[in-house]
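Residue 222 in this note's numbering sits at position 72 of the sequence shown; the count goes up by one each step and never skips. Beta carbons: idealized from backbone N, C-alpha and C, even for Gly. Values in this document were obtained by computation on a predicted structure and should not be read as measured data.
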Amino acid sequence: MAPPADKFKYALKSNDAWASYKGHQNESFFPTLAKGQAPEILWLGCSDSRCPETTLLGLQPGDVFTHRNIANILSPTDLNFLSVLEYAVVHIKVKHIVLCGHTSCGGCVGALSDSRIGGVLDAWLTPLKAVRAANQKELSAIQDDGERIKRLAELNVKQGVDVLMANYVVREAIEKRGLDVHGVLFNIGSGKIQDLGLGTDGELTQSKDGKISLTDGTEGQGKRESASAPVPEFEIVRGNHAMLVFNNDDTAVLTVR
Ligand SMILES: [Zn+2]
């Protein structure tokens, strides 16, 4: 049967099929979700339709708390972003914050252009324009348009991670319970996420008594030592037919049963 031409109608039919399939696959899936959420990841990403975090992570509803906006810009006074951040860190107590930029980002294209977009969008992109201005020399030296857009996306993630690391709620959670902050880049052309080694992956040192202290991050003082908690041999992410199995060496394989 051909899918309905109207994309919204098609989406509703698709949802119906998906919900039936998930319910059939695991009867307790939706009833369990309905009881509450305990995601371990806060995802901060771009609104771009090609970057649906739960899908590209191979995870499920209930796994990722999310805030997305155009070009994943983290402004320290954005009440929307701050509310999501505080709820995730203080109330849900997520273990990881992941700030994700991506290749071919339209927001980066706009920020690299010298012409106005119009409306409210130029105002929104102002912090990204500032990142561009601060790195103009490096960006101008990049010949390839795609590479320049990608580099601005990386610099934007670095800027956003700096905003996160300066946030009181985040700093307190890092020091009191080992919250991790990561900066990553999603490559739309390959589907792969690259860890940029920012945040607690790059800017923290751990003293002998286990206390973690923030450094200025410019000296490359080494990776934070891994926590002493035992790492399970593998962890199975929900799903009866196709499962992602995580091995001890951080690799994951898709197993179909
Ligand atoms: Zn984008």
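A261 has its CB no nearer than 7 angstroms to any heavy atom of ligand 1. With a 10 Å radius around the Cβ and a threshold of 16 neighbouring Cβ atoms, A155 comes out exposed.
As DSSP reads the structure, D345 sits in a beta bridge with V334. Per DSSP, H174 is not a residue of any beta strand (DSSP E); the alpha helix (DSSP H) it occupies stretches across K157 to Q175.
Counting C-beta pairs with one atom in each stretch, the stretch 318-333 and the stretch 276-285 have fewer than three that are closer than 8 angstroms, which means they do not touch. By the C-beta criterion, the stretch 200-212 is judged to be in contact with the stretch 245-260, since at least 3 inter-stretch pairs fall below 8 angstroms. Close CB contacts of R282 within its chain, under the 7 angstroms cut and outside five residues either way in sequence, are with A261, L262, L289 and L302 (chain order). Contact between V334 and T350 does not hold, since the beta-carbon distance rounds to 13 angstroms and is not under 8 angstroms.
Spanning the alpha carbons of A316 and Q286 requires a straight line of approximately 24 angstroms. A distance below 8 angstroms separates the beta carbons of G212 and Q187. In the DSSP annotation of this structure, the continuous segment of the beta strand (DSSP E) that includes R218 starts and ends at V214 to N219. DSSP places C258 inside the alpha helix (DSSP H), whose first and last residues are G256 to L262.
One residue list follows from the rule of a beta carbon closer than 6 angstroms to any heavy atom of ligand 1, given in chain order as C196, D198, A221, H252, C255, G256 and G257. In this structure, the CA atom of L346 is about 15 angstroms from the CA atom of L194.
Counted as a single uninterrupted DSSP element, the stretch harbouring L192 is not any alpha helix (DSSP H) but the beta strand (DSSP E) occupying residues I191 to C196. Excluding five sequence positions before and after C196, the CB atoms of its chain that fall closer than 8 angstroms to its own CB belong to R218, N219, I220, A221, N222, C250, G251, H252, C255 and G257, given in chain order.
In the three-state scheme derived from DSSP, where H, G and I count as helix and E and B as strand, L249 is classed as strand. Under the criterion of beta carbons closer than 8 angstroms, V239 and L329 qualify as touching, at roughly 7 angstroms. With contacts defined by Cβ atoms closer than 8 angstroms, V234 and P189 do not form a contacting pair.
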